[in-house]
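S.K.: Below is a structure I'd like to ask you about.
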Amino acid sequence: MLTPPRTVVRREGGLYALERALQRRGFRHVAGADEAGRGACAGPLVAAAAVLPEGRRGEIEGLADSKLLTPASRERIHDEVVSRALAYAVVVIPAEEVDARGLHVCNLAAMRRALASLTTRPEYVLTDGFGVDGLDVPGLAVWKGDRVAACVAAASVLAKVTRDRIMVELDGRYPGYGFGEHKGYITPEHTAALRELGPCREHRFSYVNVATVSGRDGRPPRSRRPAAGGPDEPMERAGTPGGTVGVALGEQPRPPAPVGEDVVMEGGER
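All residue numbers for the sequence shown refer to UniProt numbering, where the first residue is 1 and numbers rise by one.
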């Protein structure tokens with residue numbers, strides 16, 4: 001029995017090597033999917049998917065993992081991806097849904113919805129970190145895929161820029177938290193604001209630090225959240241919190257982020 005030839009990923013291909021190798025095997029339309037906001041304790045989770053064209057038109061100058069880019073570079077590359085992509089889609093999952101369904105479930109569902117919304121049907125799917133089930137095409141979960149595959153990096157930029165724009169808008173609606181600066185991630189400034197103001201409706205009440213500040217950490221996330229239709233104001237402060245770890249209840253904490261990851265990029269030195 002003959003076995004198919006091995007797929008060779010050429011190192012000199014850089015960020016485009018994996019897609020080019022798949023295209024040489026007949027998978028012309030390779031989609032990438034990624035998310036932004038998984039580690040934040042406020043604001044939505046945003047997922048995006050993108051299919052870049054083959055050849056030179058699909059090569060975007062400066063494209064990289066969104067967390068390694070400056071805000072100005074992200075905006076420029078975002079516009080380039082929108083202009084050049086064969087197809088792209090962005091899905092926004094509000095904080096309330098993250099609390100109700102759980103972070104990981106929402107993360108996979110958002111990427112699945114983004115991929116299903118593409119107007120150009122992908123023939124192969126690359127995802128960042130997590131495999132996505134329920135797709136009718138082959139796929140591969142790639143560790144740090146936004147630094148390995150161009151289509152995943154493009155999706156990461158779409159998701160990141162979309163979410164950043166939402167957080168800037170929320171900064172105007174909920175002043176005092178600094179959403180426009182740290183984008184909902186845990187920083188000393190955000191922690192201090194939570195202690196002083198208490199959480200608002202855009203915080204994720206399934207996260208330990210928000211639940212503790214709300215004074216309702218023993219109750220399920222849905223019952224901690226301010227009533228729907230109520231005033232868009234912070235909840236009454238419940239005293240000094242006992243911790244500030246921004247992980248979802250019932251999930252294992254992620255290891256400390258190295259320079260360039262979300263927590264540093266959103267709230268620390270750029």
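A virtual CB, placed ideally from N, CA and C, is assigned to each residue, including glycine.
Report the partner residues of Gly139 according to the DSSP bridge assignment.
M.R.: BP columns for Gly139 point to Val125.
S.K.: How many Å lie between Pro258 and His190 at the Cα?
M.R.: Confidence at Pro258 is low in this model, with a pLDDT of 30, below 50, so its placement is unreliable and no value can be given for it.
S.K.: Below 8 Å, how does it come out for the segment 87 to 104 and the segment 68 to 76: are there three or more Cβ pairs, yes or no?
M.R.: At 8 Å Cβ cutoff, the stretches do not touch.
S.K.: Compare the Cα-Cα distances from Ala150 to each of Phe179, Asp128, Arg222 and report the closest residue.
M.R.: Looking at the Cα atoms, Asp128 is the closest of the given residues.
S.K.: Between the beta-carbon of Val46 and the beta-carbon of Val92, is there less than 8 Å?
M.R.: Yes, these two residues count as a Cβ contact at 8 Å.
S.K.: Which whole-angstrom value describes the C-beta separation of Phe130 and Leu108, a residue pair presumed to lie in contact below a C-beta threshold of 8 Å?
M.R.: Right, their Cβ atoms sit about 6 Å apart.
S.K.: Three or more C-beta pairs under 8 Å: does that hold for the segment 47 to 61 against the segment 177 to 189?
M.R.: Not touching, per the Cβ criterion.
S.K.: Check for me: the alpha helix (DSSP H) holding Ile77 runs from which residue to which?
M.R.: Taken as a continuous stretch (DSSP letters only), the alpha helix (DSSP H) holding Ile77 covers 71 to 84.
S.K.: Under a three-way DSSP split, which group does Leu45 fall into?
M.R.: Strand.
S.K.: Helix, strand or coil, according to DSSP, for Val30 in the structure here?
M.R.: Three-state DSSP puts Val30 in a strand.
S.K.: Cutting at 7 Å between CB atoms, please list the residues of its own chain near Arg204, excluding the five before and the five after it.
M.R.: Correct list, in chain order: Cys41, Ala42, Ala95, Val98, Asp99, Val210.
S.K.: Which term fits Pro175, buried or exposed, when burial requires 16 or more other beta carbons within 10 angstroms of its beta carbon?
M.R.: Classification of Pro175: exposed, given that the 10 Å Cβ count is below 16.
S.K.: Between the beta-carbon of Ala36 and the beta-carbon of Lys160, is there less than 8 Å?
M.R.: For Ala36 and Lys160, yes; Cβs fall inside 8 Å.
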